[in-house]
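Here is the structure we will look at.
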Amino acid sequence: MSLPKVELPIKIDGVLDDEAWHQAKTLTLDYQIRPGENVAPSASTQVWILENNNMLYIAFAANDPEPDTIRAAYRDQDKGWSDDFVGVVLDTFGEARRSYMFYANALGAQMDLVYDGVSNRGNSAWDGLWQSAGKLTDQGYVVEMAIPLKVMQFVASSGKQSWGVNFIRNRPRSILERISYIPLDRENPCYLCQLPKLEGFDNASPGRSLDVIPYAVTGNSQTLDTERGETEALSNTEIGGDIRWGITPSTSLYMTINPDFSQVSVDGAQLDVNNNFTLFYPELRPFFLDNADYFENFMRLVYTRNIATPNWGAKITSKLGNNTGGIIITDDDTTSFIVPDFDGSTVTTLDEKSINAVLRYRRDYGDNSFAGIVSTLRQSDDYHNYLISVDGKHRLADNHSVFYQVALSETRDAFDYALLSERYGEENDKDGFAYRALYLYQSRDWLMYANSEEYDEDFRADMGFVEKVNFAKQALGGARTWYAKPNKWWNEVRLQGGGERQSRGDGLSLKESYYAFINVKGDLQSSLRLGANSGSEYYQGDTFDISDINLSAEFRPHTTSKVKLAVSGGNKIDYDNNRSGSNLRFQPRINFEYGKHLQMDVGMDFQRMDVTGGTLFKAQALDARMIYQLSNRTQFSISFQKINTSRNLDLYRNPQDFNAQSKDINRQILYSYKVSPQTVVYAGYNDVGFTNDEFRQLHRSFRSVFLKVSYGLSL
2 MSLPKVELPI KIDGVLDDEA WHQAKTLTLD YQIRPGENVA PSASTQVWIL
52 ENNNMLYIAF AANDPEPDTI RAAYRDQDKG WSDDFVGVVL DTFGEARRSY
102 MFYANALGAQ MDLVYDGVSN RGNSAWDGLW QSAGKLTDQG YVVEMAIPLK
152 VMQFVASSGK QSWGVNFIRN RPRSILERIS YIPLDRENPC YLCQLPKLEG
202 FDNASPGRSL DVIPYAVTGN SQTLDTERGE TEALSNTEIG GDIRWGITPS
252 TSLYMTINPD FSQVSVDGAQ LDVNNNFTLF YPELRPFFLD NADYFENFMR
302 LVYTRNIATP NWGAKITSKL GNNTGGIIIT DDDTTSFIVP DFDGSTVTTL
352 DEKSINAVLR YRRDYGDNSF AGIVSTLRQS DDYHNYLISV DGKHRLADNH
402 SVFYQVALSE TRDAFDYALL SERYGEENDK DGFAYRALYL YQSRDWLMYA
452 NSEEYDEDFR ADMGFVEKVN FAKQALGGAR TWYAKPNKWW NEVRLQGGGE
502 RQSRGDGLSL KESYYAFINV KGDLQSSLRL GANSGSEYYQ GDTFDISDIN
552 LSAEFRPHTT SKVKLAVSGG NKIDYDNNRS GSNLRFQPRI NFEYGKHLQM
602 DVGMDFQRMD VTGGTLFKAQ ALDARMIYQL SNRTQFSISF QKINTSRNLD
652 LYRNPQDFNA QSKDINRQIL YSYKVSPQTV VYAGYNDVGF TNDEFRQLHR
702 SFRSVFLKVS YGLSL
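Per the working numbering: the sequence shown = residues 2 to 716.
Structure follows, in structure tokens:
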């Protein structure tokens with residue numbers, strides 16, 4: 002596909018009245034790739050594309066036989082995935098390994114991401130600076146895009162660029178229809194390998210951009226000291242800044258000084274009752290999200306939420322030909338890490354400053370294969386954790402791949418850390434070893450996998466999220482998928498099953514389990530999954546039978562609402578008292594929208610366990626959020642989270658360690674205005690409260706009012 006070069010100006014306003022569009026390359030999207038398999042789509046889509054050597058311009062006219070059913074609303078960045086939207090996929094290196102994806106819904110709300118074709122994972126944390134606008138019409142909707150070349154990495158050339166390209170339309174109705182410019186072969190698991198080439202941009206260079214982002218944070222906070230019963234008030238104003246420098250067209254440097262590394266949005270409410278392992282929370286902070294896909298690996302050895310309060314940070318990322326790499330270096334005023342074992346894990350914080358570093362290198366080779374290294378470092382005065390790892394993927398054939406990772410660690414813990422002193426005694430220096438290997442077969446109809454992994458007792462990944470060690474695991478499973486012919490009430494059925502065995506480092510059997518489930522997708526964008534698990538599990542000297550029957554469903558009764566439900570029940574271990582119990586879990590969630598502005602999301606997680614003698618506990622987590630999106634830039638949101646736990650202490654071995662009644666509450670009001678991902682204003686109020694057996698009335702443990710302002714300057 003040859004890309005025309007046009008010098009005429011284009012106004013990005015969602016109206017196709019600029020003269021330049023008459024000189025553009027025109028094409029149509031002729032294939033429904035989901036749920037149908039390269040069949041005729043139910044709606045027509047026309048695309049115009051051109052360039053002016055600095056900018057790529059794309060316009061879409063998405064006609065619809067029922068324009069009143071178009072799902073369109075104002076959205077924050079990367080929040081419009083369930084809407085009607087259109088977009089482009091650009092493999093700027095033409096190597097089928099990494100691509101940029103730019104999408105916009107019918108009102109111009111942006112979604113963008115970087116997609117790794119080797120691992121088949123997308124990273125929507127990447128936010129480029131580009132323009133979009135969308136408007137509803139009597140025939141459907143129109144979207145215009147202007148994408149600066151400098152937001153993407155590619156190889157500078159004295160001739161034409163040759164990029165992989167595809168154009169996509171998402172049309173959610175009773176079925177979720179995905180429409181494409183090209184047909185896709187479901188037998189080929191490599192999506193980017195199937196993209197045709199787009200040629201243009203004579204003598205183009207991505208340039209060397211320099212972005213300076215100063216910011217200021219001011220606020221008042223109050224924190225309750227429960228031991229002294231006193232509240233500490235603090236007023237504070239901080240000034241800092243980020244610098245993003247494109248050193249070369251393929252290498253960028255991100256530096257931050259006196260960063261505000263607090264996140265604006267609150268984490269989702271999660272139950273941790275009767276759970277021995279550390280909960281996982283996703284990273285939400287911009288510095289760590291920038292090019293985060295460069296540092297992904299098979300064993301989750303990089304988990305940047307372990308870094309809590311740094312004063313400075315630097316990150317450099319680069320892609321040169323088949324070589325990809327990155328380095329992160331920060332300090333931290335405290336040092337937090339996960340202390341794992343075979344039957345549980347805890348998070349520990351040392352009151353010591355530390356230096357933290359991550360090194361990542363990956364070499365792509367052959368047909369969709371790579372080999373690389375991951376190394377991490379955490380070090381303070383009398384503590385350190387060093388880790389080195391080799392990982393990779395080798396594609397044996399079109400449908401056969403092997404993933405692998407081997408890691409070594411060296412840890413020296415602070416001697417005054419009581420828990421580790423009890424566990425390790427005076428032998429404070431420990432070397433650890435771990436590996437994981439996975440064979441994967443993927444085709445149109447079949448999936449098969451075989452997994453083997455082992456983490457020895459002394460392995461630690463203090464920069465990562467490894468919450469279990471001193472065990473070995475083997476797993477085997479497979480799946481068969483059937484696809485319906487057009488005009489059926491169902492469009493896909495998947496049957497899957499498998500099993501796993503786990504053993505401790507000394508050979509003791511820890512767990513043996515088997516699972517099976519069937520998943521049916523159909524009208525109303527529905528999905529119904531019914532499954533069962535059965536097996537045995539060892540805990541503190543005893544082996545217990547475990548079983549579980551689970552049902553999950555989701556559907557859209559209307560274009561403005563979505564309902565999810567998950568129910569599970571069966572035999573489970575009561576870890577606090579080392580006995581068997583009957584566990585029930587109920588998780589409903591409702592999403593509702595009204596018009597183009599109002600969005601509501603309410604979810605609940607209820608868990609109950611019964612043992613001999615009665616009900617051991619009941620726990621409930623409520624997560625409710627309301628967003629009023631005035632425009633794609635301006636948002637007002639309210640969030641409310643509550644976790645209630647009720648225990649029958651007469652049924653506990655050590656009742657002094659628990660509260661009979663406890664409640665945790667987290668509330669936030671937030672106003673945000675975003676000109677771009679770098680130029681933003683946040684103003685908000687947040688408070689956290691609790692009750693327990695000692696504090697019967699609601700106590701506010703934390704309260705704050707804050708204002709955060711940042712401004713992006715491109716030099």
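Just so it is clear, CB atoms sit at the ideal spot from N, CA and C, and this is done for glycine as well.
How about residue i and residue j: do their beta carbons lie closer than 8 Å?
| i | j | result |
| --- | --- | --- |
| M605 | A620 | no |
| R396 | S376 | no |
| S251 | Q111 | no |
| G326 | N292 | no |
| Y101 | V115 | yes |
| M601 | F593 | yes |
| V521 | V564 | no |
| P215 | A157 | no |
| F202 | L150 | yes |
Give the range of the beta strand (DSSP E) segment to which residue i is assigned.
| i | result |
| --- | --- |
| P250 | No beta strand (DSSP E) holds P250; DSSP gives it neither H nor E. |
| Q642 | 635-648 |
| M300 | First-last for M300: undefined, no H or E at that position. |
| L91 | 86-92 |
| Q669 | 662-675 |
| F518 | 510-523 |
| I148 | 141-149 |
| S390 | 385-398 |
| M605 | 599-612 |
| T46 | 46-52 |
| T377 | 370-380 |
| W747 | What the structure shows of the chain is the stretch from 2 to 716, and residue 747 is not part of that stretch, so it cannot be assessed. |
Please report the residue range of the alpha helix (DSSP H) in which residue i lies.
| i | result |
| --- | --- |
| P287 | 287-290 |
If I measure Cβ to Cβ from residue i and keep anything under 8 Å in the same chain, skipping five residues before and after, which residues do I get?
| i | result |
| --- | --- |
| S120 | E297, K394 |
| S346 | N277, F278, T279, I339, V340, E468, K469 |
| P184 | Y32, I34, N39 |
| I11 | D19, A21, W22, Y58, E145, A147 |
| E239 | A217, V218, T219, N259, D261 |
Let me confirm a value: residue i is counted as buried when at least 16 other C-beta atoms fall within 10 Å, else exposed. Which label applies?
| i | result |
| --- | --- |
| K198 | exposed |
| V267 | buried |
| F281 | exposed |
| M2 | exposed |
| Y182 | buried |
| G426 | With a pLDDT of 48 at G426, under the threshold of 50, the predicted position of this residue should be treated as unreliable, though the coordinate-derived value follows. Label assigned to G426: exposed. |
| G722 | Since the first residue of the chain shown is 2 and the last is 716, residue 722 is not available in this structure. |
| N488 | exposed |
| W127 | buried |
| G15 | buried |
| K320 | buried |
For residue i, I'd like the list of residues in its chain whose CB is within less than 6 Å of its CB, leaving aside the five on either flank, ordered along the chain.
| i | result |
| --- | --- |
| R301 | G465, F466 |
| T336 | L351, E353, S355, S381 |
| R72 | D84, D85, P173, T560 |
| R187 | R445 |
| G367 | none |
| N400 | Y442, Q443, S444 |
| L531 | I519, L552 |
| R648 | F618, F659, A661 |
Please determine, among the options, the residue with the shortest C-alpha to C-alpha distance to residue i.
| i | options | result |
| --- | --- | --- |
| M610 | Y142, L441, G571, F637 | G571 |
| Y486 | G523, Y456, K474, S504 | What sits at residue 486 in the sequence shown is Lys, not Tyr. Residue G523 is the option with its Cα nearest to K486. |
| S222 | G690, S236, G596, D602 | S236 |
| D658 | T305, D577, Y674, G690 | D577 |
| Q475 | T482, V494, Q503 | Q503 |
| P42 | N275, G326, I180, I374 | I180 |
| E455 | D463, L448, L439 | L439 |
| L272 | F587, V706, T692, N655 | F587 |
| V90 | G135, G118, A517, A63 | G118 |
| Y595 | S402, R76, L130, N584 | R76 |
| P36 | L496, L525, D432 | L525 |
| T249 | G314, T544, L193, S210 | S210 |
| L409 | N54, D432, S581 | D432 |
Give every residue of the same chain whose Cβ lies closer than 7 Å to the Cβ of residue i, excluding the five residues on either side of it in the sequence, and list them in chain order.
| i | result |
| --- | --- |
| F343 | K469, V470, N471, F472, R505, L511 |
| P311 | P260, F262, T331, D332, D333 |
| F299 | D392, F404, Q406, R437 |
| Y540 | D344, I574, Y576, N579 |
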